[in-house]
Amino acid sequence: MPSYNLPHPITLAPSPEAQVTKVGVKSPEDVVVVSALRTALTKGRKGGFKDTLADQLLQYVLKATIDRTGIDPQLVQDICVGNVDAPGGLATPARMASLAAGFPETTSVSTTNRQCSSGLQACVTIASAIQAGLIEIGIGAGVESMSSDYYKRDRLMSKKIAAENKACADCLVPMGMTSENVAADYGLTRLEQDQFSVESHKKAAAAQAAGYFKEEIVPITATVLDKDGQNPKEVLVDQDDGIRANSSVESLGKLKAVFKKDGSTTAGSASQISDGAAAVLLMKRKTALALGLPIIGKYVTACTVGVPPRIMGVGPAYAIPVAVERAGLKLDDVDIFEINEAFASQALYTVKVLGIPKEKVNPKGGAIAIGHPLGATGARQVATLFPELKRQNKRIGVTTMCMGTGMGMACVWERE
0 MPSYNLPHPI TLAPSPEAQV TKVGVKSPED VVVVSALRTA LTKGRKGGFK
50 DTLADQLLQY VLKATIDRTG IDPQLVQDIC VGNVDAPGGL ATPARMASLA
100 AGFPETTSVS TTNRQCSSGL QACVTIASAI QAGLIEIGIG AGVESMSSDY
150 YKRDRLMSKK IAAENKACAD CLVPMGMTSE NVAADYGLTR LEQDQFSVES
200 HKKAAAAQAA GYFKEEIVPI TATVLDKDGQ NPKEVLVDQD DGIRANSSVE
250 SLGKLKAVFK KDGSTTAGSA SQISDGAAAV LLMKRKTALA LGLPIIGKYV
300 TACTVGVPPR IMGVGPAYAI PVAVERAGLK LDDVDIFEIN EAFASQALYT
350 VKVLGIPKEK VNPKGGAIAI GHPLGATGAR QVATLFPELK RQNKRIGVTT
400 MCMGTGMGMA CVWERE
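Residue numbers for the sequence shown, in numbering that gives the first Met the number 0: 0 to 415.
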């Protein structure tokens with residue numbers, strides 16, 4: 000495959016001839032998307048979901064999937080949920096959430112943690128199971144209550160391994176420092192990053208004002224407590240609350256670098272700590288047609304790649320070419336790229352090194368403006384992508400993100 004001017008090798012072959020799903024060709028065996036919904040994303044420890052646990056967030060979005068599609072929950076055979084920070088991998092709470100949402104005891108549930116791509120990995124896991132004939136209908140979902148789980152992580156890791164292997168040690172580099180490494184290695188300036196961040200907020204604010212998020216967001220009545228954990232009050236949460244329409248390069252320029260003296264990554268050019276959930280209902284085309292359910296698009300293919308952990312943010316630049324070529328496409332064939340904005344540096348690097356036109360990137364803004372609930376983002380991007388493809392009357396979309404410890408994931412979707 001072409002080099003794409005990438006400094007590290009891509010060893011994963013695209014192998015488009017091995018893919019069972021073809022772009023532009025409808026097959027009864029296609030894995031199609033019947034529904035893709037999400038909650039609003041709210042600020043960690045400050046927003047409308049600050050007192051809502053992950054199992055409740057997941058319950059809401061799973062129940063909305065039943066309510067909006069009218070599917071008989073007895074038909075859903077498996078649910079896979081992406082989550083990063085919850086104790087025990089959220090295994091028990093996820094099962095409880097599915098039961099509370101109305102799915103029967105016969106619907107199995109698993110959770111998965113592939114860092115920031117967990118929600119997308121959940122979708123791909125379900126799509127792959129459907130392709131393989133293991134199940135007929137499933138849901139790929141993602142959820143994160145960063146308010147509850149992000150701040151109390153305690154992971155025990157071997158100091159011996161890190162001391163003996165530099166790559167292992169680099170897996171422990173704070174995410175913000177990996178952003179600084181990307182900026183330093185590839186010459187991304189503070190001004191470029193601030194400009195990219197402002198654009199994210201401007202696009203998201205315009206989309207919110209125009210009502211472009213309404214189709215994908217499930218309104219939820221949540222309970223919030225006061226600073227003492229008392230006086231419960233119900234609030235309607237139906238909009239992302241981290242978007243700053245008045246963001247400017249001048250205001251971001253006043254922020255200090257967070258992770259490195261004289262660095263270029265600030266709180267304004269990093270993704271927001273957020274709470275939220277998303278769910279994607281998947282099945283074969285022939286199943287959807289037999290049940291009379293709507294088809295909004297289909298899953299085409301996906302890939303994951305590994306990159307140096309110290310610059311983990313470059314992952315999408317290496318994953319996107321593999322996934323796109325695996326789908327039998329070229330980069331120019333893609334209409335919309337939903338690139339997770341973990342940091343402005345890494346998203347900007349991907350856009351620049353692959354030569355992606357900026358109008359194709361995150362047309363409704365990205366994680367810098369909307370937020371990044373770690374385990375939910377991969378499924379959230381799918382919910383954001385399809386309404387925008389429809390609005391623009393476009394067909395091909397890619398969702399992609401970097402992952403802590405040095406990986407990238409990308410997935411190709413086609414609107415019906």
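From the three backbone atoms N, C-alpha and C, an ideal C-beta is built for every residue, glycine too.
Less than 8 Å divides the Cβ of residue 138 from the Cβ of residue 278. Between residue 251 and residue 181, the beta carbon gap of about 18 Å keeps them out of contact (Cβ cut-off 8 Å). Per DSSP, residue 165 is not a residue of any beta strand (DSSP E); the alpha helix (DSSP H) it occupies stretches across 165-169.
Three or more Cβ pairs drawn from the stretch 301-314 and the stretch 338-346 lie within less than 8 Å of each other, which places the two stretches in contact.
In this structure, residue 64 keeps its C-beta atom at 8 Å or more from the C-beta atom of residue 328. Here residue 393 has 334 as same chain residues with Cβ atoms under 6 Å from its own Cβ, once five neighbours each way along the sequence are excluded. Apart from the 5 residues on each side of it in sequence, residue 11 sits with its Cβ closer than 7 Å to the Cβ of 302, 304, 321 in its chain, given in chain order.
Considering only 355, 403, 352, 348, the residue with the shortest C-alpha distance to residue 374 is 403. Per the DSSP secondary-structure output, residue 195 pairs with nothing in a beta bridge. Beta-bridge pairing by DSSP links residue 60 to no other residue. Spatial neighbours of residue 189 in its own chain (CB-CB distance under 6 Å, excluding positions within 5 residues in sequence) are listed in chain order as 263. In the three-state reduction of the DSSP assignment, residue 303 falls in the strand class, which pools E and B. Annotation: residue 113 to residue 120 spans about 7 Å, alpha carbon to alpha carbon. Taking residue 399 as reference, the option from 388, 390, 380 with the minimal CA-CA separation is 380. With respect to the C-alpha of residue 160, the residue from 168, 154, 153 having the closest C-alpha is 168.
In this structure, residue 46 places its C-beta atom within 8 Å of the C-beta atom of residue 240. A distance of 8 Å or more separates the beta carbons of residue 259 and residue 135.
Taking all protein chains in view, the Cβ of residue 153 is surrounded by fewer than 16 other Cβ atoms within 10 Å, so the residue is classified as exposed. Where residue 414 is concerned, the enclosing beta strand (DSSP E) starts and stops at 406-414.
Between residue 295 and residue 33 a beta carbon distance of about 7 Å is seen, short of the 8 Å cut, so the two are scored as contacting.
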